[in-house]
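Participant: One structure, as structure tokens, below. Some questions next.
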Amino acid sequence: MSETPETTALRNHSAHWGVFRAGWADGRLVVQPHPGDPDPSPILKNFPDALHHRARIARPMVRRGWLERGPGPDRRRGRDEFVEMGWDEVLDLLAGELRRVKEAHGAEAVFGGSYGWSSAGRFHHAQSQVHRFLNTSIGGYVRSVNSYSAGASAVIMPHFIGPFDAVARRGVTWTQVVAHTDTVLAFGGMALKNSAVASGGVSKHIERDSMRRARERGARFINISPLRSDLPEEAGAEWLPVVPGTDTALMLGMAHTLVREGLHDTGFLDRFCVGFPQFEHYLMGTSDGQPKDAAWAASICGVPADTIVALARRAAQGRTLVAMAHALQRAEHGEQPVWMGAVLAAMLGQIGLPGGGYAYALGALAHYGKQQNAVPIPTLPQGVNGVKNFIPVARISDMLLNPGAPFDYNGKRMHYADIKLVYWAGGNPFHHHQDLNRLREAFARVDTLVVHETAWTATARHADIVLPCTMTLEREDIGAAATDPLMVAMHRLAEPFGEARDDYAIFAGLARRLGAEEAFTEGRDAAGWLRHLYARTQNALEAKGLYAPDFDTFFREGELTLPQEEDDGGIVGRFRRDPDGAPLPTPSGKVEICSETVAGFGYDDCPGHPAWLPPEEVPDARHSLRLVANQPYTKLHSQLDFGAYSAGEKRRGREVARLHPAEAAARGIADGDIVRLFNDRGACLASAALTEDVMPGVVQLPTGAWYDPADASEERPLCVHGNPNVLTRDVGTSRLAQGCTGQLTVVEVERFEGNLPPIQAFEPPVPAVRA
Ligand SMILES: Nc1nc2c(c(=O)[nH]1)N[C@H]1C(S)=C(S)[C@@H](COP(=O)(O)OP(=O)(O)OC[C@H]3O[C@@H](n4cnc5c(=O)[nH]c(N)nc54)[C@H](O)[C@@H]3O)O[C@H]1N2
Ligand SMILES: Nc1nc2c(c(=O)[nH]1)N[C@H]1C(S)=C(S)[C@@H](COP(=O)(O)OP(=O)(O)OC[C@H]3O[C@@H](n4cnc5c(=O)[nH]c(N)nc54)[C@H](O)[C@@H]3O)O[C@H]1N2
Ligand SMILES: [Mo]
């Protein structure tokens, strides 16, 4: 393996979980948070062991069955052996396969959505790289739209208030909360583990201190969530446990109370909103005979009726912020709480006031509640995609399993493409997608699956062609996010692992073989691209008359502080100050409590105003617990799951599942027992932790543990490591958004009695001898 230097100075680098400084001391990588970060994330501790971990991929590998029999559907994906291959040979082979698929089926047979977070550098951003490569070299690809993060909200928000980014990312800021908010109704909480992260990096983690300062001024935080830990101690929060998936009913109960007690702001509803009178019929039950009163809500959401009434009264006093975590909409009918939260805020009359109204995803990531940079950051241009077909991102298995089948999306009837080749770089569908046994079937249907990875994730193990790529510490890049003023020079800290190459170098080699080298590279090497992309920011700084160092100076200085826009509340704040001059970009120009557009789609699973729609999936005699499969606090998604911090928080090598002592006692489970979580879709093991911080009726198992089948040859193997996506359901939020519903499902939990199977997720496959 590659040599490591003995001792070097510390130099800047950046990850999605923070800006840091790293160097070598006595042959060991030293990682220190950036001195300007008041509250750095412990996820940084995953780095030192990662560089040379045995789970890294050292050489290109090709699946034996694919090599011997050629491309085609194959159930052995994920169960087969791999053979090693040199770079020239593997790139020739892959270029030939891309040419074959393009000639026989066209670029519309290639799925290049390649969803995933990859790494923080803006040039070596794998998703941008793969998109640019497919556009310039084979004319395009079937893409995916929206995200696993905000699948439902990204589609519903433009219908009732405005574009997702404009509302969520340029709305209520932490500065406003510190100065103005009296009550924060935090639906889904604002866990600090979540705001540890922002794509492109984060230089200052300000959330903990912002909550502390708001509280010291007298603000009250209310944590409306199945987990007490969803707000930090600094917030001094009151915990209101709510049955997962029922927030819409709770908010309706509050809204009903506001009307009954005359506490709703009719002036605001008349002037700034449309559709309240019609919604009011539904709310009060004159349209369907069921008043959505506090007692009705209590029977659904588990919060006592008098608590709901008190909460509504409290919300009607002072400056109140209705804050909504992403998690609420990552579930069946996920559109409803997003819309209903805005309706509640509208009824309180506070939308657009500093620190009041509606905050979507504040605290869910470090992007939110910040100001925007006033100059553009570097981004790699992706070229033009000649293929029009797309899927809402979480419909991947549906597409692969049902080529040509119709589906609904946001008022349109569409058809799934017939995919022959799937190309993934920078994402891990065996982390992000639901119902992994179904995903395995879906991947068995294609001719060829290509994966670029740094490490042997389950996605890499299911590929036909596995290309090892460098990890961020092994290359130079620029770290930047549009909501963070610090642009970071990311220095190279180590030589590439084994024979790993940059994604860019791999694509350049393929583009050359496909006769598209000039189109892909524009004659630049990686260093040339960094200078080119940096120039855009430099020029914008110069145009404003600000300090605009040249690239070499920026890199030598290690960072550059960018100017930011003023905190004016974005489109919602401007609308509040001037409703006629700055209307919202909705059909009416106002907040749409009822949307004729959405009603016109005729979807029974997403009607024309927010409504309580009972979920299809509810606990029953066989599966009596609700599973909350939320984000992990020891890592970002599945990244560096083998790192020291992530590994150190596991127990007996497994992910930890938390549940209430009463639920554990009812099942004969003791703290530290290995338990089996199961439903009809699959099963996994985890270590049980007993805590009263999880409400009864709920078990929480975070995402992130690498999928680790005990016996990959089985149809529904037991995941021995604790990946909750073997349990989750692969259905869209509704026909409107078709978003991911992975946050919640229904399971049973029992003590695991058998011999404990070993963890194999981090053991690389042993190369087979080539026939
Ligand atoms: N059940 C359930 N499932 C969920 C969620 C949930 O709440 N519940 N949340 C969802 C959400 S919000 C999200 S965003 C997704 C996240 O899902 P992903 O973004 O797919 O997860 P990551 O682990 O970040 O995957 C990134 C992969 O890129 C690799 N990588 C890193 N750097 C590079 C590079 O330079 N080049 C290449 N080629 N690869 C690189 C990493 O090793 C890793 O395997 O998960 C979703 N899944
Ligand atoms: N450390 C770390 N931070 C991360 C990530 C990570 O992987 N690791 N991922 C990042 C990404 S890509 C994203 S999109 C964001 C995701 O942001 P979110 O989706 O908001 O994060 P989660 O942790 O999945 O969920 C937040 C909390 O919502 C609660 N919750 C779940 N269901 C319900 C419900 O029905 N009602 C109510 N009231 N509460 C509910 C859960 O208790 C959970 O802890 O996090 C980001 N931050
Ligand atoms: Mo996400």
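Read in full-length UniProt numbering, the sequence shown has 118 at position 118, and its numbers run on one by one without any break. C-beta atoms are modelled at their ideal positions from N, C-alpha and C, and glycine is treated no differently.
1) Does DSSP put M1 in a helix, a strand or coil?
2) Taking only runs that begin and end inside the stretch 362 to 421, name each unbroken beta strand (DSSP E) of 3 or more residues, in chain order.
3) Please confirm whether any heavy atom of ligand 2 lies closer than 7 Å to the CB of S144.
4) In angstroms with no decimal places, state the Cα-to-Cα distance between V145 and P392.
5) I need the straight-line Cα distance from N679 to L91, nearest angstrom please.
6) Skipping 5 residues on each side, what residues in its chain have a beta carbon closer than 6 Å to that of T634?
7) For A325, which option in N223, W296, Q372 has the closest C-alpha, if you only look at C-alpha atoms?
8) Taking S203 and G36 to be in contact with their CB atoms under 8 Å, please state how far apart those CB atoms are, rounded to whole angstroms.
9) My parser needs the beta strand (DSSP E) runs of 3 or more residues fully inside the stretch 424 to 510; what are they?
10) Relative to the C-alpha of M399, which candidate in K388, D418, P381 has its C-alpha closest?
11) Kindly indicate which three-state DSSP category P60 falls into: helix, strand or coil?
12) Drop a sphere of 10 angstroms on the beta-carbon of P232, count the other beta-carbons inside from all chains shown, and report buried for 16 or more, exposed for fewer.
13) Which partner residues does V239 have in the DSSP bridge list?
14) Residues bridged to M324 by DSSP?
15) Whose C-beta lies closer than 7 Å to the C-beta of L192 among residues of the same chain, with five residues either side of it excluded?
16) To the nearest angstrom, report how far apart A705 and R461 are at their CA atoms.
17) Around the C-beta of T561, are 16 or more other C-beta atoms found within 10 angstroms, so that it is buried, or is it exposed?
18) Can you pull the DSSP bridge partners for Q564?
19) Return the Cβ separation of L44 and W17 in integer angstroms, given the expectation that the two are a contact with Cβ distance under 8 Å.
20) Can you tell me whether E97 is buried or exposed, with buried defined as 16 or more other CB within 10 angstroms of its CB?
21) Would you report the Cα separation of T286 and R260, rounded to the nearest angstrom?
22) Pick out whichever of Q639, L756, D730 has its Cα sitting closest to the Cα of H53.
23) Under 7 Å from any heavy atom of ligand 2, does the C-beta of R228 make it?
24) Apply the 10 Å Cβ neighbour rule to R475 and answer buried if 16 or more other Cβ atoms are within range, or exposed otherwise.
25) Based on Cα-Cα distance, which residue from G643, L690, L685, E103 lies nearest to L718?
26) Let me know if V110 comes out buried or exposed under the rule of 16 or more other beta-carbons within 10 Å of its beta-carbon.
27) Helix, strand or coil for E750, going by three-state DSSP, please let me know.
28) Quick check: the stretch 340 to 351 against the stretch 450 to 465, are at least 3 beta-carbon pairs closer than 8 Å?
29) Would you list, in sequence order, the uninterrupted alpha helix (DSSP H) runs of no fewer than 4 residues that lie entirely inside the stretch 74 to 143?
30) For Q336, which of helix, strand or coil comes out of DSSP?
31) Checking the sheet assignment: what are the DSSP bridge partners for L677?
32) Out of Y148, G201, R215, state which residue places its alpha-carbon closest to the alpha-carbon of W174.
33) Please determine, among G139, M254, H333, P33, the residue with the shortest C-alpha to C-alpha distance to D604.
34) Kindly confirm or deny that the stretch 622 to 636 and the stretch 182 to 198 touch, where touching means at least three C-beta pairs closer than 8 Å.
35) Name the two residues that bound the continuous beta strand (DSSP E) containing N12.
36) Does the Cβ-Cβ distance between G668 and R751 come in under 8 Å?
Facilitator: This is what the structure holds:
1) Its pLDDT being 43, under 50, M1 is placed unreliably by the model, and nothing is read from it.
2) 390 to 392, 406 to 409, 412 to 415
3) no
4) 5 Å
5) 42 Å
6) Y645, S646, E649
7) N223
8) 6 Å
9) 448 to 453, 465 to 468, 477 to 479, 486 to 490
10) D418
11) coil
12) buried
13) What sits at residue 239 in the sequence shown is Trp, not Val. W239 is bridged to N223.
14) F187, Y360
15) E207, R208, P232
16) 15 Å
17) exposed
18) N373
19) 7 Å
20) buried
21) 14 Å
22) Q639
23) no
24) buried
25) L685
26) buried
27) strand
28) no
29) 87 to 105, 126 to 138
30) helix
31) C684, V749
32) R215
33) H333
34) yes
35) 11 to 15
36) yes
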